[in-house]
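Numbering (the numbering used here), first residue to last: 2 to 365. For glycine and all other residues, C-beta sits at the position ideal for the given N, C-alpha and C. Below: the structure, in structure tokens.
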């Protein structure tokens with residue numbers, strides 16, 4: 002009889018983590034049921050072929066949300082699913098679902114996207130009573146959660162860095178251009194655009210360089226962004242987008258990029274989070290296509306970034322970009338020596354994920 006698992010994502014994000022898990026589970030003999038928010042339907046439908054998928058619409062009313070949770074519980078019981086993986090193991094809906102009665106044979110595992118929540122969130126304290134095993138999304142975050150020495154939870158890391166082959170969109174890029182990609186929503190709190198613009202005002206950008214801001218600008222930041230680029234006379238050196246990008250457009254630009262720039266500096270609001278307790282999506286986007294990262298020098302203490310990237314001082318960013326763009330042979334030589342760690346292999350990640358999912362710990 003096939004092993005059964007349910008992969009659940011009833012929030013409105015983190016769908017980029019689903020495909021890797023579907024592959025790991027499917028290749029390990031699991032019959033997988035996918036339970037998702039209807040908001041993710043367009044994205045999930047691309048990756049869920051061959052898997053039973055059920056969608057729920059949350060946010061209409063408290064009563065409607067509660068009926069959805071009862072329906073999910075009923076579904077899990079009727080399908081006799083013993084392993085339930087929450088792709089986002091936080092939030093009110095997950096808390097409320099886990100407050101419902103479930104048989105002890107059902108084991109819940111979840112992904113922590115912000116590992117600080119495991120000790121600081123009131124909702125998480127209720128969730129922790131049912132979820133005893135958590136995945137985090139990087140080895141340095143695993144070091145952080147293990148340092149907490151929680152006796153009631155067990156942790157493991159895995160890297161959801163495998164994506165389907167999306168249809169490519171035709172994009173023009175000349176052979177001598179050097180593309181620097183800053184992927185994700187364009188907003189001030191996550192990335193240090195002020196430092197970028199300060200650097201650009203002080204150092205002339207190499208003519209070969211284009212900077213791709215690969216996401217929709219935050220409404221509050223959009224006008225300031227355009228005004229700053231205009232003042233610096235750099236509008237034609239940046240690629241901007243007005244709307245959310247389809248996966249086809251997003252990944253087409255990403256794959257053509259020479260460098261992924263997280264643009265996370267010690268002066269940024271979220272620096273401490275990204276340095277210790279959660280990842281930037283930029284990391285996994287680079288890891289997926291084995292594109293070099295360009296990281297601020299603080300990150301040189303982590304083996305992931307040593308193996309996959311270049312480093313710079315925050316006030317020397319454009320100098321470093323110009324250096325890489327001006328000597329393509331050196332860049333290519335350095336790039337060929339990257340991504341040598343075993344962790345970037347599919348089999349390694351699959352085995353780590355499944356081993357933890359299936360492990361039993363009587364001490365929990």
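Check	Outcome
Sub-8 Å separation of residue 214 and residue 241 beta-carbons	yes
Through-space distance from residue 68 to residue 124, alpha-carbon basis	20 Å
Among 192, 60, 360, 81, nearest to residue 93 - alpha-carbon criterion	60
Top-ranked residue by Cα proximity to residue 339, from 309, 353, 322, 349	309
CA nearest to the CA of residue 333, picked from 293, 196, 46	293
Residue 341 - containing beta strand (DSSP E), residue span	Unbroken run through residue 341: none, as it is neither H nor E.
Nearest-angstrom Cα separation, counted from residue 187 out to residue 143	28 Å
Beta carbon of residue 54 nearer than 8 Å to that of residue 35	yes
Whole runs of the beta strand (DSSP E) within the region 53 to 133, excluding any shorter than 3 residues	53 to 57, 84 to 87, 108 to 112
Run of the beta strand (DSSP E) containing residue 306, from where it starts to where it stops	No beta strand (DSSP E) holds residue 306; the alpha helix (DSSP H) holding it covers 304 to 309.
Whole alpha helix (DSSP H) elements within the region 202 to 281, 4-residue minimum	220 to 232, 248 to 257
Contacts around residue 112, its chain only, beta-carbon distance under 8 Å, and the 5 residues preceding and following it disregarded	15, 18, 86, 87, 88, 89, 90, 135, 136, 137, 138
Beta-carbon proximity list for residue 168, same chain, < 6 Å, skipping 5 on both sides	249
Beta bridge counterpart(s) of residue 8 as assigned by DSSP	35, 86
Which listed residue (330, 327, 5, 21) has its alpha carbon closest to that of residue 166	21
Neighbourhood of residue 95 by C-beta distance below 7 Å, restricted to the same chain and skipping five residues each side	87, 128
Residue-chain proximity (residue 81, chain B), Cβ-Cβ < 8 Å	Within the model displayed, chain B is absent; a lone protein chain is all it includes.
Beta bridge counterpart(s) of residue 294 as assigned by DSSP	261, 310
At least three beta-carbon pairs within less than 8 Å, the region 101 to 108 to the region 338 to 357	no
Where the alpha helix (DSSP H) through residue 320 begins and ends	318 to 327
Element boundaries [beta strand (DSSP E), containing residue 158]	155 to 158
Where residue 200 falls, given that 16 or more other Cβ within 10 Å makes a residue buried	buried
DSSP state of residue 167 mapped onto helix, strand, coil	coil
Nearest neighbour of residue 97, chosen from 79, 114, 74, 117 [CA to CA]	74
Cα-Cα separation, residue 283 to residue 263	6 Å
Residue 267 classed as buried or exposed, judged by whether at least 16 other C-beta atoms fall within 10 angstroms	exposed
Pair within 8 Å by beta-carbon distance, residue 398 and residue 197	The shown model of the chain, from 2 to 365, leaves out residue 398, and the question about it has no answer.
Whole-angstrom distance between residue 179 and residue 326, CA atom to CA atom	6 Å
Residues of its chain near residue 285, where Cβ-Cβ distance is below 6 Å and the 5 sequence neighbours each way are ignored	162
Per-residue burial, residue 72 [other beta carbons within 10 Å of its own, 16 or more giving buried]	exposed
Of the residues 182, 303, 81, 120, the one placed nearest residue 152, counting alpha carbons only	120
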